[in-house]
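Student: First to last, the protein sequences are chains A and B.
Its first residue numbered 13, the first sequence is counted upward by one per residue in this note's numbering.
Its first residue numbered 62, the second sequence is counted upward by one per residue in this note's numbering.
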Amino acid sequence: MTAGTARAVVTGLGVAAPNGLGVADYWAAARAGRSGIGRVSRFDPSGYPARLAGEITGFDAKDHLPGKLLPQTDRMTQIALVSTDWAFADAGVDPAALPEYDMGVITASTSGGFEFGQRELKALWSQGSRYVSAYQSFAWFYAVNSGQISIRNGMRGPSGVVVSDQAGGLDAIAHARRQIRKGTGLMVSGAVDASICPWGWVAQLAAQRLSTSDDPERAYLPFDPAARGHVPGEGGALLVLEDLDRARDRGARQIYGEIAGYGSTFDPKPGSGRPPGLRKAIELALADAGMEPEQVDVVFADAAAIPELDRIEAEAITAVFGPRGVPVTAPKTMTGRLYSGAAPLDLATAFLTLRDGVIPPSIRVSPSEDYDIDLVTDRPRTAPVRSALVLARGYGGFNSAVVVRAVEQ
Amino acid sequence: MPAREFTLEDLKRILREGAGADEAVDLDGDILDTDFFSLGYESLALLETTGRIEREFDISLEDDALTGDRTPRGLIGAVNEQLAPAPTR
């Protein structure tokens with residue numbers, strides 16, 4: 013292996029989604045078009061303009077984590093730690109048996125530990141500073157998932173966090189790939205956000221992109237004439253990345269595929285008259301992968317469900333792939349938008365699509381005739397899939413694209 | 062005699078509440094002279110623990126209460142010293 017040319021492949025998946033905990037449950041739900049969206053249950057949402065969410069049910073951290081970790085971790089960190097355990101198990105890797113400086117962690121974060129932070133702010137204002145947990149010093153922090161994953165698994169190689177809202181989920185994976193190319197043997201990368209609490213809720217409301225519908229079946233409809241914003245969700249995915257040669261040498265039980273290409277752009281200043289950056293991000297990712305558009309078998313859309321943003325995304329896809337030139341899907345119609353966790357979950361879904369040749373649907377969407385895209389709706393589509401493009405946009409102008417492809421046996 | 066005494070039982074309760082417990086450690090065993098680090102409590106866990114003791118017992122521990130003797134016996138001693146009435150001269 014020559015430094016800089018190593019191929020980063022994914023060998024393990026850990027998934028926590030509103031419609032399924034663990035890869036098997038999630039994938040069964042995604043294929044069946046089963047939604048995890050419903051009325052918020054983690055707090056009483058009746059006083060808020062938005063009242064639906066994709067909540068993870070059946071996750072009790074104390075079933076999975078040592079007692080010592082519970083008082084010092086936000087829900088997002090607990091879900092990230094458990095998802096990482098699952099990803100390692102799926103990869104058949106025991107991190108304790110590997111050199112600690114040869115493993116790193118790069119996650120993304122949008123919110124940080126809002127639920128934990130809200131509890132401590134409440135203690136501060138109602139009881140005083142003596143009642144604020146010492147763990148608040150890091151439990152809220154963007155980088156805390158990377159830190160806790162690193163500590164729990166003894167991973168001291170290159171590590172960090174990327175904060176670029178939803179695009180961060182892809183930016184983190186790209187950064188992990190960079191570390192593999194620079195010689196680190198194994199990286200854990202991905203993201204989990206979970207801020208369905210009043211403080212997190214008002215922060216999300218401020219962006220004015222949340223759907224205010226009370227009908228779980230009509231609330232989040234990207235590319236539909238009835239698009240009216242998104243439903244927020246919690247969860248995400250953590251992936252184990254390895255150098256391809258090394259994964260083969262150890263006889264990895266599966267190689268889901270390769271992180272083949274990446275591109276990221278930033279939108280121009282509003283009013284500049286220059287075009288949005290999403291199309292360029294797709295072109296950069298394809299060029300980085302050394303692939304032509306016709307070699308891409310499916311696109312996992314960002315799916316903002318804001319008419320203007322849907323139009324920009326549909327036009328970018330059509331500009332690159334031609335009218336109805338490639339199947340497009342948005343499984344996040346079943347989970348809500350998971351912020352930094354969305355794109356890692358889409359990547360995991362893309363790898364499962366590569367494995368099984370089944371494209372999960374964008375549920376309940378009747379695409380607008382204004383968009384010339386081939387959206388997979390209602391039921392899964394069976395097709396041989398060798399490569400996929402995953403798109404993610406972050407609030408404020410971030411655009412990222414990642415191309416994944418199957419690895420020759 | 063202190064008006065109220067800080068006991069090993071108080072310490073164990075506060076450790077469990079504030080910092081949790083390491084499954085590999087038996088807090089109910091003979092821990093009085095075991096270093097907190099060996100019991101699974103790093104500096105932040107001790108900061109949280111002393112903070113909880115301070116607010117529950119309404120005392121103020123010196124910053125160096127734990128720099129010397131980092132054991133339950135040392136901490137219990139430091140707390141009870143604060144709980145004792147000021148000596149009359």
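Glycine included, each C-beta is placed from N, C-alpha and C at the ideal position.
Fair warning: this is a prediction, and the values are worked out from it, not measured in the lab.
Could I get the ranges of all uninterrupted beta strand (DSSP E) runs contained in the stretch 163-232 of chain A, with 3 residues as the minimum, in chain order?
Tutor: List check, beta strand (DSSP E) in window: 172-174 and 198-205.
Student: Could you give the DSSP three-state label for G143 (chain A): helix, strand or coil?
Tutor: Note that residue 143 (chain A) is Tyr in the sequence shown, not Gly. Note: Y143 (chain A) maps to helix in three-state DSSP.
Student: Rounding to the nearest angstrom, what Cα-Cα distance links A146 (chain A) and T119 (chain A) in this structure?
Tutor: Cα to Cα, the separation comes out at about 24 Å.
Student: How is A404 (chain A) classed by DSSP in three states: helix, strand or coil?
Tutor: In this structure, A404 (chain A) counts as strand in the three-state DSSP scheme.
Student: Whole angstroms is fine: what's the gap from P305 (chain A)'s alpha carbon to D382 (chain A)'s?
Tutor: Approximately 22 Å between the Cα atoms of the pair.
Student: Could you have a look at N411 (chain A) and say whether DSSP puts it in helix, strand or coil?
Tutor: Correct three-state label for N411 (chain A): strand.
Student: For L82 (chain A) and chain B, any beta-carbon pair shorter than 8 Å?
Tutor: Yes, because at least one Cβ of chain B sits closer than 8 Å to the Cβ of L82 (chain A).
Student: Quick check on G79 (chain A) - is its C-beta less than 8 Å from some C-beta in chain B?
Tutor: G79 (chain A) counts as touching chain B.
Student: Could you have a look at E66 (chain B) and say whether DSSP puts it in helix, strand or coil?
Tutor: Coil, per DSSP.
Student: Within the 8 Å Cβ cut-off, does S158 (chain A) reach chain B?
Tutor: Cβ-Cβ to chain B under 8 Å: no for S158 (chain A).
Student: Looking at C-alpha atoms only, which residue of B:A85, B:L105 and B:R65 is the closest neighbour of P83 (chain A)?
Tutor: When only C-alpha atoms are compared, the closest one is B:L105.
Student: What residues in the stretch 98-124 of chain B bring their beta carbon closer than 7 Å to a beta carbon of chain A?
Tutor: Of all residues in the stretch 98-124 of chain B, G101, L105, L108, E109, G112, E115 and R116 have a Cβ within less than 7 Å of some Cβ in chain A.
Student: Using only the alpha-carbon positions, how far apart do L69 (chain B) and S352 (chain A) sit?
Tutor: For L69 (chain B) and S352 (chain A), the distance between alpha carbons rounds to 44 Å.
Student: Could you compute how far the alpha carbon of R115 (chain A) sits from the alpha carbon of L93 (chain A)?
Tutor: Looking at the sequence shown, residue 115 (chain A) is not Arg but Met. Going by the C-alpha atoms only, they are around 16 Å apart.
Student: Taking only beta-carbon atoms, is D83 (chain B) less than 8 Å away from chain A?
Tutor: By this cut-off, D83 (chain B) is an interface position.
Student: Going along chain A, which residues have a C-beta under 7 Å from G79 (chain B)?
Tutor: Here the neighbours are P83.
Student: Hey, would you say G181 (chain A) sits closer than 8 Å to A215 (chain A), going by beta carbons?
Tutor: Cβ distance not < 8 Å, so G181 (chain A) and A215 (chain A) don't count as in contact.
Student: If we define contact as Cβ-Cβ less than 8 Å, is A73 (chain A) a contact residue for chain B?
Tutor: No - not a single Cβ of chain B is within 8 Å of the one on A73 (chain A).
Student: Find out if the Cβ-Cβ distance for the pair V340 (chain A), V377 (chain A) is shorter than 8 Å.
Tutor: Taking 8 Å as the Cβ cut-off, V340 (chain A) and V377 (chain A) do not qualify as a contacting pair.
Student: With a CB to CB cut of under 6 Å and the five nearest residues on each side skipped, what residues in its chain are close to A264 (chain A)?
Tutor: Within the same chain, A264 (chain A) has close Cβ partners T23.
Student: Among A:L256, A:F126 and A:Y232, which one has its Cα closest to the Cα of V419 (chain A)?
Tutor: Cα-wise, what sits closest to V419 (chain A) is A:L256.
Student: Quick one: is the Cβ of P146 (chain B) within less than 7 Å of any heavy atom of the ligand PLP?
Tutor: The model on display carries no ligand, and the ligand PLP is accordingly not part of it.
Student: Pair every Cβ in the stretch 88-100 of chain B with every Cβ in the stretch 149-167 of chain A, then say whether three or more of these pairs are closer than 8 Å.
Tutor: With the cut-off at 8 Å, the stretch 88-100 of chain B and the stretch 149-167 of chain A do not touch.
Student: 8 Å is my cut-off, CB to CB: does L72 (chain B) come that close to chain A?
Tutor: Not an interface residue.
Student: My assumption, with CB atoms under 8 Å, is that R323 (chain A) sits in contact with I385 (chain A). Please give the rounded CB distance.
Tutor: The pair is not a contact, with the Cβ atoms about 11 Å apart (cut-off 8 Å).
Student: Just the C-alpha distance for F153 (chain A) and G124 (chain A), rounded to the nearest angstrom, thanks.
Tutor: Rounded to whole angstroms, F153 (chain A) to G124 (chain A) spans 5 Å at the Cα level.
Student: Rounded to a whole number of angstroms, what is the C-alpha to C-alpha distance between N141 (chain B) and E78 (chain B)?
Tutor: The straight-line gap from Cα to Cα measures roughly 20 Å.
Student: Roughly how many angstroms separate the alpha carbons of I161 (chain A) and A99 (chain A), rounded to a whole number?
Tutor: Going from the Cα of I161 (chain A) to the Cα of A99 (chain A) covers about 12 Å.
Student: Going along the chain, which residues of its own chain have a beta-carbon closer than 7 Å to the beta-carbon of A362 (chain A), five neighbours each way excluded?
Tutor: Only F312, A400, V402 and V416 meet the Cβ criterion.
Student: Might you give, ordered along the chain, the residues of its own chain that have their beta carbon closer than 8 Å to the beta carbon of G334 (chain A), omitting 5 neighbours on each side?
Tutor: P305, listed in sequence order.
Student: Could you list which residues in chain B have their beta carbon closer than 7 Å to that of A146 (chain A), in chain order?
Tutor: Simply L105, L108, E109 and G112.
Student: Provide the residue span of the alpha helix (DSSP H) that contains F312 (chain A), from first to last.
Tutor: From DSSP, F312 (chain A) is part of no alpha helix (DSSP H) but of the beta strand (DSSP E) over V310 to F312.
Student: Please list the segments of the beta strand (DSSP E) lying wholly inside the stretch 238-272 of chain A, counting only runs of 3 or more residues, in order along the chain.
Tutor: For the stretch 238-272 of chain A, whole beta strand (DSSP E) runs of length 3 or above, ordered along the chain, are 247-255.
Student: Using a Cβ-Cβ cut-off of 8 Å, state whether L136 (chain B) counts as contacting chain A.
Tutor: False, the Cβ-Cβ gap to chain A never drops below 8 Å.
Student: Can we say the stretch 48-57 of chain A touches the stretch 195-209 of chain A, given the rule of at least three CB pairs closer than 8 Å?
Tutor: Yes: at least three Cβ pairs fall under 8 Å.
Student: Just to confirm the assignment, what range does the beta strand (DSSP E) spanning P319 (chain A) have?
Tutor: Careful: P319 (chain A) lies outside any beta strand (DSSP E), inside the alpha helix (DSSP H) at P319 to F333.
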